[in-house]
């Protein structure tokens, strides 16, 4: 990584006062446990546990991103073997490698270090067990992942490496609003019926059906189920009221049929108004009242719409 001149100048000033650079040069005594031309390891003067070591490059790098490729490969190339040696030497249950790159991450010195800490059960080092207490939602994780990928690709464009193979950016997944999902379901009677009658089966299919997975990627399936079941309940109430009205009409017709014949003939013979008289004199229309009666039921599926299979949902997007 090519550093600006101002950063290089600042690093040179840090070296003059850096105690770890002085340890690397032998100007400050330390209990060294490993060293070569580029790397040195020694016991920490304030150990978190017995055998706590510091592994570092001899060259001064304030933070990890400033380290050149050669020293990076040397340092992390030996870190695994060194950790194994520390674990065996201290008879530890495990070894923890702690890296702090930057003040916010807990870095206390201006020289990049790797802490190699032997760990045992009940050693009281709970502060090193970094387990989060909150979880991130899927949308935030996707955003962070895309940002990291973009930053990494940007870095390797500026600093090409023979071992690095550019990754293709993930395909953009189309998302829908709740209103759009409702409209798509409305246009698919088969899916709508399944949501109302067998919602659990639909939930199980979401993970295995790519089209359903895309449809409900940002919208809760429970919200859609609740919407259509409530709508179905309203339609059922309307249908019941209509049925009760039809029943009442049938009772009136039955009463009329049961009336005395002479009374019915009198009522039929005597027009109640001029409109009645006119209607009796007029010839019957080709489109009779019976032809205009709507026999459809509220719960019937629209006959004019073509049934769409679950596999064809993509055509509706």
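In this note's numbering, the protein residues as written are 1217 to 1533. C-beta: ideal position from N, C-alpha, C; glycine also. What you are looking at is a predicted structure, and each value in this text was computed from that prediction instead of being measured.
| Query | Result |
| --- | --- |
| Three or more C-beta pairs under 8 Å: does that hold for the region 1260-1268 against the region 1353-1369? | no |
| In this structure, does DSSP put residue 1250 in helix, strand or coil? | strand |
| Between the beta-carbon of residue 1278 and the beta-carbon of residue 1290, is there less than 9 Å? | no |
| Give the secondary structure of residue 1269 by DSSP, where H, G and I count as helix, E and B as strand, and everything else as coil. | strand |
| Can you have a look at residue 1363 and say buried or exposed, based on whether 16 or more other CB atoms are within 10 angstroms of its CB? | exposed |
| Measuring alpha carbon to alpha carbon, tell me which residue in 1237, 1328 and 1308 is nearest residue 1316. | 1328 |
| Can you tell me whether residue 1601 is helix, strand or coil according to DSSP? | It is not possible to answer for residue 1601, since the shown part of the chain is limited to 1217 through 1533. |
| Smallest Cα separation from residue 1370: which of 1382, 1243 and 1283? | 1382 |
| Where does residue 1335 sit, in a helix, a strand or coil, going by DSSP? | strand |
| What residues match up with residue 1428 in a beta bridge as DSSP calls it? | DSSP output for residue 1428 lists no bridge partner at all. |
| In chain order, what residues of the same chain have a beta carbon less than 8 Å from the beta carbon of residue 1223, not counting five sequence neighbours either side? | 1282 |
| Does residue 1271 pass the burial test, meaning 16 or more other C-beta atoms within 10 Å, or should it be called exposed? | buried |
| Can you name, in chain order, every residue of its own chain whose Cβ lies under 8 Å from the Cβ of residue 1372, other than the five neighbours on each side? | 1380 and 1382 |
| Would you say residue 1400 and residue 1443 are within 9 Å of each other, going by their C-beta atoms? | no |
| Are the CB atoms of residue 1422 and residue 1441 nearer to each other than 9 Å? | no |
| Quick one: grab the DSSP three-state call for residue 1230. | helix |
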